[in-house]
Amino acid sequence: MHEVSIAESLIALIRRHLPAHQRLVQATVRIGPMHGIVPEAMEMAWNIASADAGWKGSRLIVMTPPWRLRCVVCGRCWEPVTVDEHCVCGAAHVEILGGDEFQLDSIDVHSAAKHRRRNTARHGRGRPRTFTRGVAHEHQSSHR
Ligand SMILES: [Zn+2]
68 MHEVSIAESL IALIRRHLPA HQRLVQATVR IGPMHGIVPE AMEMAWNIAS ADAGWKGSRL
128 IVMTPPWRLR CVVCGRCWEP VTVDEHCVCG AAHVEILGGD EFQLDSIDVH SAAKHRRRNT
188 ARHGRGRPRT FTRGVAHEHQ SSHR
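And the structure:
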């Protein structure tokens, strides 16, 4: 469940961009496939970590850019389906160009002046008790 530490890293990152006295409604991030994020686990980790941060009910949208490979033999670049693909020239020596992206694309904030539409349907969204406990435990152990 490294999604918990990813959620905490994202919160630290977002805090640096969040205007004073505003709370996060939605964040869009770009996380490369190298990080191996499981969407369901990421959502649960986010629900807990963002509530701790005071942004209960905020949404996290994760964009996953594709892998990019470059053939060491012919120089061809492409976006493979799986990262262990060989080049069409037959070469198995490929270099991984992307996949490790970790960046904040945009944030939507809530302030008194400007009400963004909030997806309230996601508020009490299912958090299976067993899973929540597991996450909470790992969350505690990764805390100081
Ligand atoms: Zn090639």
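Per the numbering used here, residue 68 is the first one in the sequence shown, and the count goes up by one each step. Virtual Cβ for every residue (Gly too), placed ideally from N, Cα, C.
- prompt: Can you tell me whether DSSP reads L136 as helix, strand or coil?
  reply: Along the sequence shown, read from residue 1 onward, the residue named residue 136 stands at position 69. L136: strand per DSSP, three-state reduction.
- prompt: Leaving out five residues before and five after N186 in sequence, what residues of the same chain have Cβ atoms less than 7 Å from its Cβ?
  reply: To locate residue 186, count along the sequence shown from 1; it is residue 119. Residue confidence is low: N186 scores 41 on pLDDT, short of 50, so the model does not pin down where it sits. Its coordinate-derived value is still stated next. Only R126 meet the Cβ criterion.
field: Beta-carbon proximity list for A120, same chain, < 6 Å, skipping 5 on both sides
entry: The count along the sequence shown starts at 1 and reaches residue 120 at position 53. Result list for A120: I78, in chain order.
- request: Measure the alpha-carbon distance for H84 versus R90 and round it to whole angstroms.
  value: Taking the sequence shown and counting its residues from 1, the one referred to as residue 84 is at position 17. Taking the sequence shown and counting its residues from 1, the one referred to as residue 90 is at position 23. H84 and R90: Cα-Cα distance of roughly 11 Å.
field: Straight-line gap, P132 to E110 (C-alpha atoms, nearest Å)
entry: Position 65 of the sequence shown, counting from 1, holds the residue named residue 132. Position 43 of the sequence shown, counting from 1, holds the residue named residue 110. Those two C-alpha atoms are separated by around 18 Å.
- prompt: If you measure from the CB of V150, is any heavy atom of ligand 1 nearer than 8 Å?
  reply: Here residue 150 refers to the residue found at position 83 when the sequence shown is read from its first residue. V150: no, Cβ never under 8 Å from ligand 1.
message: Would V155 and R143 qualify as a contact pair, given that the criterion is a beta-carbon distance under 9 Å?
response: Here residue 155 is taken as the residue at index 88 of the sequence shown, counted from 1. Here residue 143 is taken as the residue at index 76 of the sequence shown, counted from 1. In contact: V155 and R143 (Cβ atoms closer than 9 Å).
task: Answer yes or no: do D167 and M130 have a C-beta to C-beta separation smaller than 9 Å?
output: Working through the sequence shown from its first residue, we reach residue 167 at position 100. Working through the sequence shown from its first residue, we reach residue 130 at position 63. No, they are not a contact pair.
task: Use the C-beta contact count for R196: other C-beta atoms within 10 angstroms, 16 or more gives buried, fewer gives exposed.
output: The residue labelled residue 196 in the question sits at position 129 within the sequence shown. Residue placement at R196 is poorly supported in this model, since its pLDDT is 29, which falls under 50; the coordinates still yield a value, given next. Its Cβ having fewer than 16 others within 10 Å, R196 is exposed.
- request: Report whether the distance from the Cβ of R143 to the nearest heavy atom of ligand 1 is below 8 Å.
  value: Mapped onto the sequence shown, residue 143 falls at position 76. R143 Cβ: within cutoff of ligand 1.
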